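Residue numbers for the sequence shown follow the numbering used here, beginning at 12 and rising by one.
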Amino acid sequence: MKRERIGDSNMIKIALAEDNSFLANSIINKLGLFDEFKVKIHALNGQDLLGKLEVDNNIDIILMDIQMPEMDGILATKMITQKYPHIKVIMLTVLDEDQTIYDAIQAGAKGYLVKESSPQEIYDGITQTLEGGGALSPNIALKAMKIIQNPDSVSEAKADFDLSERELQVLQQLTKGLNYRQIASNLIISPNTVRRHFENIYKKLGVSNKVEAVQKAYLHKLV
Numbered sequence: 012m013k014r015e016r017i018g019d020s021n022m023i024k025i026a027l028a029e030d031n032s033f034l035a036n037s038i039i040n041k042l043g044l045f046d047e048f049k050v051k052i053h054a055l056n057g058q059d060l061l062g063k064l065e066v067d068n069n070i071d072i073i074l075m076d077i078q079m080p081e082m083d084g085i086l087a088t089k090m091i092t093q094k095y096p097h098i099k100v101i102m103l104t105v106l107d108e109d110q111t112i113y114d115a116i117q118a119g120a121k122g123y124l125v126k127e128s129s130p131q132e133i134y135d136g137i138t139q140t141l142e143g144g145g146a147l148s149p150n151i152a153l154k155a156m157k158i159i160q161n162p163d164s165v166s167e168a169k170a171d172f173d174l175s176e177r178e179l180q181v182l183q184q185l186t187k188g189l190n191y192r193q194i195a196s197n198l199i200i201s202p203n204t205v206r207r208h209f210e211n212i213y214k215k216l217g218v219s220n221k222v223e224a225v226q227k228a229y230l231h232k233l234v
């Protein structure tokens, strides 16, 4: 299955986001069967991956798990495709529920493979995706086609959590990385009022800090 070795500059540079060390090693071993592939980054979650891409985003494709701590693969995909549009993302997961497939596609994923895919299936998926196609395991392709034909069968993850218009404005400002005083200045309210809005936002979203609030805002399309 080994191909003829090629120059490093022509290799396909891959990042893997997978928190399970056993599965990560299995995937890396499958990728290692092909000389065209170079795994440059292994991240343990979406947040870890974003940090490593800040240092080096010379990556062609990401194989992204979905269920990970700190930041899941759906949110990470959404943020990466916005910040690094040159990088293509393939979800590599055990999850094949309609909603998960829909959310992954909405987030910008270019492919969706199950982890038990053979080395050749992963190779074909990566190369097809880089050539402008899409990587889909057979059962995933069938589900995706049904979703496309009947999108109403899958409900969007969007929810308002009973947030007021002002609370949504504060949340929008928060996703820009602004602090209390900056948000207060932009919305022409006091920092104490901003703080009270944050307390209400955290309670309604069921989160305890800014990072969790931003993640939930993106995941549920609040911003």
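Every residue gets a Cβ at the ideal spot worked out from N, C-alpha and C, and that includes glycine. As the structure is a prediction and not an experimental result, all values here were calculated from the model.
Taking all protein chains shown into account, decide if residue 181 is buried (16 or more other Cβ within 10 angstroms of its Cβ) or exposed.
-> buried
When burial is assigned at 16 or more other CB atoms within 10 Å of the CB, is residue 97 buried or exposed?
-> exposed
On the DSSP bridge assignment, give the partners of residue 27 in chain order.
-> 53, 74
Whole-number beta carbon distance between residue 91 and residue 73, since they are thought to touch under 8 Å = 7 Å
Under three-state DSSP, which class holds residue 172?
-> coil
Which one or two residues does DSSP pair with residue 104 in a beta bridge?
-> 125
Secondary structure at residue 232, three-state DSSP: helix, strand or coil?
-> coil
When the Cα atoms are used, what is the spatial distance from residue 223 to residue 101?
-> 24 Å
Starting from the Cα of residue 126, find the closest Cα among 32, 192, 76, 184 and give me that residue.
-> 76
Quick one, which of 140, 63, 50, 229 has its alpha-carbon nearest residue 183's?
-> 229
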